[in-house]
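Enquirer:
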Amino acid sequence: MAKSLGRRVMLALAAPVLAVAFAVAMSSIVLALSGSSPITAYIDMFDHARKLETMIDIGNRFTPLYISGVAAAIGFRMNLFNIGVEGQYLLATLFAAAAGGAVNLPPVLHIGLILIVAMTVGAAYSGVAGVLKVTRGVNEVISTIMLNVIAISGLVAWLVREWQAGGGVNASGGNAGVGTEPIPESGLMPNLNGFVEIFTREIKQGKKLTGVLVIALLVGIGYHVLVNRTRFGFDLRASGMNPFAAQAGGVPPKRMVVTAMVLSGAAAGLVGMSTLMDQGRYSPNFVRGLGFAGIGVTLLGRNHPVGIAIGALLFAFLDVSAGILQISGSASREIVVIMQGIILIAAVVAYEVVNRFRQREEAKDAAAALQSVPPAGIEVSA
Amino acid sequence: MAPAIELTGITKRFPGVVANDDVNLTVEAGEIHAICGENGAGKSTLMKILYGMQPPDEGTMAVDGQRVRFSSPSDAIEAGVGMVHQHFMLADNLTVLENVILGAEPRNWRGIDFKAARQHLSEVGEAYGLDVDPDDLVESLEVGERQRVEIIKVLYRGARILILDEPTAVLVPQEVEELFRNMRELKASGATILFIDHKLDEVLEIADSITVLRQGRTVATVKPEDVTAGDLAELMVGSELPTPDITDSTVTDAVALDVAELVVHDADERAVVDRVDLRIHKGEIVGIAGVEGNGQSELIDAIIGTQPVASGTISLLGADVTHASVRNRREAGIGYVPQDRHHEGLLLEAPLWENAMLGHQTQAPYAKGAFVDRRGAQGQTEQIRTEFDVRTPNVHVAAHALSGGNQQKLILGREMMAEPSVLIAAHPTRGIDVGAQAAVWDSIRAARAKGLATLLISADLDELIGLSDTIIVMLRGKLVATLDPAAVTPRDLGAYMTGAALEPAGQEVAADG
Ligand SMILES: Nc1ncnc2c1ncn2[C@@H]1O[C@H](COP(=O)(O)OP(=O)(O)OP(=O)(O)O)[C@@H](O)[C@H]1O
Ligand SMILES: [Mg+2]
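One line per chain: the protein sequences are S and C, in this order.
Position 290 of the first sequence, counted from 1, bears residue number 310 in my numbering, the numbering being contiguous throughout.
Position 350 of the second sequence, counted from 1, bears residue number 358 in my numbering, the numbering being contiguous throughout.
1. Just tell me which of S:F215, S:R376 and S:G260 has its CA closest to the CA of K274 of chain S.
2. Rounded to the nearest angstrom, what separates L324 of chain C and V259 of chain C at their Cα positions?
3. With a threshold of 16 other CB atoms inside 10 Å of the CB of M9 of chain C, please say whether the residue is buried or exposed.
4. Beta-carbon within less than 8 Å of R154 of chain C's beta-carbon, same chain only, minus the 5 sequence neighbours each way: which residues are those?
5. On the criterion of 16 or more Cβ atoms from any shown chain inside 10 Å, does V25 of chain C qualify as buried, or is it exposed?
6. Going by the C-beta, is L355 of chain C closer than 7 Å to any heavy atom of ligand 1?
7. So is H130 of chain S buried or exposed if we call it buried at 16+ other beta carbons inside 10 Å?
8. Assuming T103 of chain C contacts D139 of chain C under a Cβ cut-off of 8 Å, what Cβ separation, rounded to an integer in Å, is found between them?
9. Under the rule that 16 or more other beta-carbon atoms within 10 Å means buried, what is F11 of chain S, buried or exposed?
10. Just checking V25 of chain C against ligand 1 - is the residue's beta carbon closer than 7 Å to any of the ligand's heavy atoms?
11. Quick check: A340 of chain C and A327 of chain C, are their CB atoms within less than 8 Å of each other?
12. Quick one: which chain C residues come within Cβ less than 8 Å of T250 of chain S?
13. Once DSSP output is grouped into helix, strand and coil, what is the label at F101 of chain S?
14. Output the residue ranges of the alpha helix (DSSP H) runs that lie fully inside the stretch 260 to 299 of chain S and measure 4 residues or longer, sorted by chain position.
15. Indicate, with yes or no, if ligand 2 has a heavy atom lying under 7 Å from the CB of K207 of chain C.
16. List, in chain order, every chain S residue whose beta-carbon is nearer than 7 Å to that of M191 of chain C.
17. Check whether the Cβ of K231 of chain C sits closer than 7 Å to any heavy atom of ligand 2, and report yes or no.
18. So what does I293 of chain C bridge to, in DSSP terms?
19. Please go through the same chain and pick out, in chain order, the residues whose beta-carbon is closer than 7 Å to the beta-carbon of I358 of chain S, but skip the five residues on each side of it.
20. When the cut-off is 8 Å and only beta carbons count, does G439 of chain C lie next to chain S?
21. Using a beta-carbon distance below 8 Å, is N375 of chain S in contact with chain C?
22. Within 10 angstroms of its Cβ, does N28 of chain C collect 16 or more other Cβ (buried), or is it exposed?
23. Could you check whether P359 of chain C and V2 of chain C sit closer than 8 Å to each other, using their CB atoms as the reference points?
24. Provide the residue span of the alpha helix (DSSP H) that contains A92 of chain S, from first to last.
25. Counting only beta-carbon atoms, is P272 of chain S nearer than 8 Å to chain C?
26. Within the stretch 128 to 169 of chain C, note down every full alpha helix (DSSP H) run reaching 4 residues or more, in order along the chain.
27. Please state whether DSSP places A27 of chain C in a helix, a strand or coil.
28. Under 8 Å between C-beta atoms, does G327 of chain S make it to chain C?
29. Any heavy atom of ligand 2 closer than 7 Å to the CB of G412 of chain C?
30. Sorted by chain position, which residues of the same chain lie with C-beta nearer than 7 Å to V154 of chain S's C-beta, five sequence neighbours on each side aside?
31. Who pairs with R75 of chain C in a beta bridge, going by DSSP?
32. Just how far apart, CA to CA, sit A241 of chain C and V235 of chain C?
33. Going along chain S, which residues have a C-beta under 8 Å from A68 of chain C?
34. Hey, would you say the C-beta of K417 of chain C is under 7 Å away from at least one heavy atom of ligand 2?
35. Whole-angstrom Cβ separation of I293 of chain C and T437 of chain C, contact assumed at under 8 Å?
36. How many angstroms separate the CA atom of S476 of chain C from the CA atom of Q388 of chain C?
Now the structure itself:
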């Protein structure tokens, strides 16, 4: 039993490890061809990642990537391709920022309000795609892509000007002037530096580990419980595996589509929270691309809550490393994007290979187990 | 002459089971060879190996005396071996000709050479005495005709050795006769046929040799003239052939399911179920006889709730459920055995215990509040497994790893264990071996004695006559005759189903007007 458990774990890890190894090999070739030394580049990346401050950066990047991955995964579980996380989180963050900047409440309530507005807006906007699908038969891939355009180039671009704070200066003093009304202190989640420093040295360079990380972990746990432990999760997975059988089994297909899109959108609404809590306002150059990155993270993690976490961590590490490669000059930062792409492709292939291997192994085990037990006594008279 | 097929020492293992265990099989050229055996005996697996869909773990194969090794079905076809699967794989919206040439299109400089294709198709049809209209749309064909198209499709690609996996399971007796006529003609034209069948009288009628598999091994190869159906059953399962015995009526006065003036439309607004009145009492089994495509599926779908009702009402135990959701109806006590287990019955990738939940996932022992009760569900599935003899290593394997008949037993088990008040059963024993069939009938009868109302649809007329308290004939969306099963033979029933036994003129005009 112990042996088989060990092997199960190994097999589960084999695919992602193979994929990463392959991606490292390919990237090395690309690096070498472009005239950089792969060894130096990797050493730079790892040296950098060992620093506490870099780890904080990775944690801060992990947080939105993970939430984004989970948001996409909720849809994927029933074969709904919510490509709209991007638009959903930008719109949701803008509304949450505006709401948070407009009121003054006690801390817990204030933060709660911001999160609830974000989730509601994300859910509502994603729900539009769900409703379009069940009432008009519009494919959700098409509708979410269009809704992305409407959200990003339309609504957000317009509203961010409408809701611009009266010439307020950005708290961090950066590229200031434009953006929503800054959220008062009571609306910003406290960072986790104090908690981390219990175990480590003091965090320097003004780095702060986002408190939203806690929410990301709760989202992950919630996702696991919802999908694997609840009746709703069973209905969701059943619809994904065989919609006809699910329907005959009493799962209401239309309601499932809308509910899944709404839940996916609610999670998507939280994607921008860590950045919002850090910057204190929504500005026109608010971080983009987290929604699309989440799709890759989910593919890598195979919709599994822990898998998505590993994928998010890996991508966060690579994203943060891009900066150091640039600074140390050991390679160009684009190499990171190339690596992420290769990892994704390799992961898809590696999962398939490992899966076949696993099936063959199981068959061998079965045969071995049966050798020791003679089958029921039947005369063979062929 | 070398045998058409010679399999030696074929072994195939799956997780937890040995599907084929040192199987030897010789099929002489030009014979019709039947493969029989219990559910899970390894028949389909052996055929898939022979067709190159799965590689054997051990053993060798020879076709026409030549050693072969297939790594895909196209290798098998190359060697002249073709297979028709139990689930047809035709594209509904293409014509017969297009379906036949799909993937093997003859080409000329302008693209697909339809003229050559048509020519070749008619040559094949003539050579083997198979009659089809190349321009018919496949969706307009009946099951038997579709099957013929599947066979032609294989012959068109040059196969001379034909594998048919449970070809008669989906056919009504008339269609079976037609198929057997075709098989004899194929044989006369030099083809070799290998087929799987659970109905022993059919096997005895058509086969030249019969090989019986049991638990993955060849038990015996016999000639039909040397054995009776009883002998065969004994070889297969080690028990006597069950006879559907007549039991006392348990019909009560209480109406369980009341369907009144029901009309269901298809996509073109035509009435495919046409003013149907149907009443099933507690303790009653009502059988619907009809050739597939006469509105039975739509009637079932409307009762289950997956198809909207145009007019009329459906009441369940006195409550109007005409517009209730599928879930509400299920919770109110409707059990459902769908006609196509892969399409509507199973989550093939999911473990057996999750499949057992399907349709009952809101109720104990599968659920606790909003949560899945994993332990309860797995325990219940274990019980289904023992009571309905589902052959599986454990309840955690995926449903696709079960043999066809065992999948069917699982579906039946999950519905019966939920103790429904009304059971809608379409072909409940389709693909189930003779031994298990008797057990299924017993369990339906036992439930009937306790007040279960059953709507039974079956292509197996013996089953229909043996189980039903009343038989109703359905033709072109209407219920056209009510018959007493004690006074009707399969032959009569067949005549009713095709409309031949009904009064001519008058009734027909009324039906269409
Ligand atoms: N893909 C698979 N993975 C695991 N086990 C399998 C797989 N295919 C078949 N089996 C197992 O192999 C055995 C033989 O299955 P097979 O489908 O050949 O039976 P069969 O004789 O065709 O039965 P039936 O009459 O029910 O169709 C069964 O125990 C089945 O569970
Ligand atoms: Mg089979």
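Think of the CB as a built atom: it goes at the ideal place given N, C-alpha and C, for glycine as much as any other residue.
Expert: Result, derived from the coordinates:
1. S:G260
2. 17 Å
3. exposed
4. F96, L98 and V146
5. buried
6. no
7. buried
8. So it is not a contact: roughly 16 Å between Cβ atoms.
9. Here chain S covers residues 21 to 402 and nothing more, so residue 11 of chain S does not appear.
10. yes
11. yes
12. A378, F379 and V380
13. coil
14. 263 to 268, 273 to 289 and 293 to 299
15. no
16. Ordered by position in chain S, no residue passes the 7 Å Cβ test against M191 of chain C, which lies about 24 Å from the chain.
17. no
18. C:T462
19. S47 and V50
20. no
21. no
22. buried
23. Look at the range of chain C in this structure, 9 to 521, and you will see that residue 2 of chain C is not part of it.
24. L72 to F96
25. yes
26. 151 to 164
27. strand
28. no
29. yes
30. K274, V277 and V278
31. C:A70
32. 10 Å
33. The sequence shown places Thr at residue 68 of chain C, rather than the Ala named in the question. Those do not exist, as T68 of chain C stays about 15 Å from chain S at its closest Cβ, beyond 8 Å.
34. no
35. With a Cβ gap of about 14 Å, I293 of chain C and T437 of chain C do not count as contacting.
36. 29 Å
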